[in-house]
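In the numbering used here, the protein residues as written are 15 to 281.
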């Protein structure tokens, strides 16, 4: 199956299925407005955006509230206290009304046809778990490169060796997600969930198109490679993988992360 074969939605055709987009927010006043704008400008218009501020100490909540006043599909749902990103996303899942769940971090950006392209692929393949390729930007929005190319499908066995699924690119059917939720607040909290979801599916379906701009900030969790490797090992141990295999999978991640970094520099 080639991605270019996927039909784009017909102009003027009104989408039916509601997509619930969950956006945790913490001290992101410099970026959250751009993230919200990228949702508002989606060609797929049947969505709700649940922006959950997690006790920001900057003006993030004011930025979100202003967007909520301008567009009723944007909902400002601040946590009563700081809960961490996993519990915040889980709260969003519990409040979501849509048949589909998407995630967008408050410092990332979607291209305008991201949802439409994924919903078309979901219909074509009967898929319940979808993701896309990503470009990489810095805090100023400058293009830094791209993550390594992805294949059309990723199985559980493949995902064990290398996680190429970026949270802000994911679209999940509620049926595929079921009762599964994020479990830990570390650099790999999403990876564990993707593995658990894929255990009951044949594959996650991908669009090898840069439909998400993934922002890398200095000092961010995603920039700390050593911690990410340690957390990767813990993910496999949480899945009851034996210590030797867990170490081998972690080494596979290390190799692929190094290779991906080289590709970013060359992009």
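Where a beta carbon is used, it is the ideal one built from N, C-alpha and C, also for glycine. None of the values given here were measured: they were computed from a predicted structure.
Can you tell which of the options has the C-alpha that lies nearest to the C-alpha of residue i?
| i | options | result |
| --- | --- | --- |
| residue 176 | 144, 199 and 242 | 242 |
| residue 139 | 44, 219, 45 and 36 | 219 |
| residue 170 | 205, 163, 199 and 150 | 205 |
| residue 96 | 214, 199, 223 and 224 | 199 |
| residue 58 | 172, 87, 192 and 222 | 87 |
Buried or exposed: which applies to residue i, given that a residue is buried once 16 or more other Cβ atoms fall within 10 Å of its Cβ?
| i | result |
| --- | --- |
| residue 26 | Low confidence applies to residue 26: its pLDDT is 47, below 50, so where it sits in the model is not reliable enough to give any reading. |
| residue 4 | For residue 4 there is no data in the structure shown, the boundaries of the chain being 15 and 281. |
| residue 259 | exposed |
| residue 245 | buried |
| residue 116 | buried |
| residue 33 | buried |
| residue 187 | buried |
| residue 103 | buried |
| residue 189 | exposed |
| residue 304 | Since the first and last residues shown for the chain are 15 and 281, residue 304 lies out of range. |
| residue 174 | buried |
| residue 137 | exposed |
| residue 10 | This structure gives no information on residue 10, because the portion of the chain shown stretches from 15 to 281. |
| residue 232 | exposed |
In three-state terms, what does DSSP make of residue i?
| i | result |
| --- | --- |
| residue 40 | coil |
| residue 215 | coil |
| residue 209 | helix |
| residue 350 | Coverage of the chain is limited to positions 15 through 281, which leaves residue 350 absent and any answer about it impossible. |
| residue 51 | helix |
| residue 86 | coil |
| residue 235 | With a pLDDT of only 47 at residue 235, under the threshold of 50, the placement of this residue in the model should not be trusted, and no figure is reported. |
| residue 68 | coil |
| residue 105 | helix |
| residue 81 | helix |
| residue 73 | coil |
| residue 259 | helix |
| residue 33 | strand |
| residue 1 | In the structure displayed, the chain extends from 15 to 281; residue 1 sits before or after that span and is not available. |
| residue 197 | coil |
Suppose the cutoff is 6 Å on Cβ atoms and the five residues either side in sequence are ignored; what does the same chain contact list for residue i look like?
| i | result |
| --- | --- |
| residue 289 | Any answer about residue 289 is impossible in this case: the structure gives the chain only from 15 up to 281. |
| residue 180 | 148 and 228 |
| residue 178 | 164 |
| residue 36 | 64, 103, 106 and 117 |
| residue 69 | 96 |
| residue 90 | 65, 78, 79 and 82 |
Using C-beta distances below 8 Å, list every residue in its chain close to residue i, excluding the 5 sequence neighbours before and after it, in chain order.
| i | result |
| --- | --- |
| residue 74 | 39, 40, 41, 42, 43, 46, 67 and 120 |
| residue 56 | 124, 126, 127, 128, 129 and 130 |
| residue 31 | 60, 112, 113, 114 and 133 |
| residue 207 | 194, 195, 196 and 197 |
| residue 224 | 125, 146, 147, 148, 149 and 160 |
| residue 249 | 202, 205, 206 and 209 |
| residue 110 | 34, 36, 62, 64 and 188 |
Leaving out the 5 sequence neighbours to the left and right, which residues in its chain are closer than 7 Å to residue i when beta-carbon positions are compared?
| i | result |
| --- | --- |
| residue 85 | 54 |
| residue 49 | 37, 118, 120, 121, 122 and 123 |
| residue 217 | 167, 168 and 169 |
Tell me, please, whether the CB atom of residue i is closer than 8 Å to any CB atom in chain D?
| i | result |
| --- | --- |
| residue 199 | Note that chain D does not occur in the displayed structure, where there is just one protein chain. |
Worksheet item: Can you list the beta strand (DSSP E) stretches of 3 or more residues lying completely in the stretch 121-193, in chain order?
Response: 143-151, 157-160 and 185-187
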